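Single-structure report; data block below.
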Amino acid sequence: MAIFRYPGWRWPDMPGALEDFEKARRQMDRLLSAFTGGSEAVTSSGVFPPLIVTEEEDKICVEAEISGIKAEDLDISIVGRTLTISGERKPEEAQDVNYHRRERKWGSFRKALTLPEDVSGDGVRAECRDGLLRLVLPKPEHVKPRKITIQGQ
Amino acid sequence: MAETDLQIEEKKAVQAAGESTRDVPVFVPPVDIYESENALTLLADMPGVPIDKIDIDLDSDQLTIRGMVDHEESKGKVIFKEFTYGDYYRQFTLSSDIDRSRIQASMKDGVLKLVLPKAEAAKPRKITVQSM
Chain A
25 MAIFRYPGWR
35 WPDMPGALED
45 FEKARRQMDR
55 LLSAFTGGSE
65 AVTSSGVFPP
75 LIVTEEEDKI
85 CVEAEISGIK
95 AEDLDISIVG
105 RTLTISGERK
115 PEEAQDVNYH
125 RRERKWGSFR
135 KALTLPEDVS
145 GDGVRAECRD
155 GLLRLVLPKP
165 EHVKPRKITI
175 QGQ
Chain B
3 MAETDLQIEE
13 KKAVQAAGES
23 TRDVPVFVPP
33 VDIYESENAL
43 TLLADMPGVP
53 IDKIDIDLDS
63 DQLTIRGMVD
73 HEESKGKVIF
83 KEFTYGDYYR
93 QFTLSSDIDR
103 SRIQASMKDG
113 VLKLVLPKAE
123 AAKPRKITVQ
133 SM
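Residue numbers (the numbering used here), protein chains in the order written: chain A, 25 to 177; chain B, 3 to 134.
Below, the structure is given as structure tokens:
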């Protein structure tokens, strides 16, 4: 058995019901395309802190969300091509209180990342602002793209 | 060293909190709320929100927190992406009476701290039982 619709056919006592259905389907499609298309999909490794790594011609930028972590509790190192971010997020000490909610997580963390290119050791910049860590890792001269000009006669 | 290893808590998107005019996602910030004898303290993780982009509103017993993220989108090619930048929004209904004139808000390392002192009437009063 198949259910099909004659062109122009409507539900007799529910005019517009199918149109509503169509509308809902279109909205669903639009919603799904927002997740798959548009911006890049988020793929989480599950290890704190969450990162965004971007590459430009002359540098690699690493951004991390590290709210509640003091700069002195953070340790960043680069050995070869491996960037390691480790540290600890400490709980706030409060005496004689009743907790109603405890959703913020704390603990120690360590995350290592293999960089796509070599980086030159000096000239690495790191800044912490409003709970965001931003690392700028310049590429060494020999991997930067070089522009070759063609000389005319 | 703490024994627990930190995991990424995936950001939760706000479900229909009135439409935002900014074209960025809106997330629910994770919070800690604790109560002492004199005050209610709220801590909220809002990475990327500077102090001047925080909006706190207390309307009768409805506390609303809004934070607008401030960052420059990197121009480079994205290699790896584990989070999305976005605004933060959360609303609470407060049970005890709050002394509005003494509310304190501060922001440090992307964490909002809100101290809501209890009004005199809401503080526990000690009743001494007198012996006859």
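C-beta: ideal position from N, C-alpha, C; glycine also.
Model, not experiment: these values are computed from the prediction.
Query: Short CB-CB distance (under 9 Å) between Asp47/B and chain A; Result: yes
Query: Chain-order list of residues whose beta-carbon lies under 6 Å from that of Tyr91/B (same chain, five-residue window excluded); Result: Val16, Ala19, Val28 and Arg68
Query: Residues in the region 54-86 of chain B having any Cβ partner in chain A nearer than 8 Å; Result: Asp72, His73, Ser76, Lys77, Gly78, Lys79, Val80, Ile81, Phe82, Lys83, Glu84, Phe85 and Thr86
Query: Beta-bridge partners of Pro31/B, as assigned by DSSP; Result: Per DSSP, none; premise fails for Pro31/B.
Query: Distance CB(Lys55/B)-CB(Asp72/B) smaller than 9 Å; Result: yes
Query: Listed by chain order, chain B residues near Glu127/A by CB distance under 7 Å; Result: Pro32, Val33 and Asp34
Query: Glu12/B - DSSP class collapsed to helix/strand/coil; Result: coil
Query: Inter-residue Cα distance where the pair is Pro74/A and Val167/A; Result: 27 Å
Query: Pair within 9 Å by beta-carbon distance, Asp154/A and Asp59/B; Result: no
Query: C-alpha distance - Leu114/B paired with Thr43/B, whole-angstrom precision; Result: 10 Å
Query: Leu116/B at chain A interface by Cβ criterion, 9 Å; Result: no
Query: Sequence ranges, beta strand (DSSP E) only - wholly within the region 38-120 of chain B, length at least 3; Result: 41-47, 56-61, 64-69, 79-83, 89-95, 106-110 and 113-119
Query: Contact under 9 Å by Cβ, Ile76/A with Lys79/B; Result: no
Query: Separation of Ile53/B from Val121/A, as counted between CA atoms; Result: 26 Å
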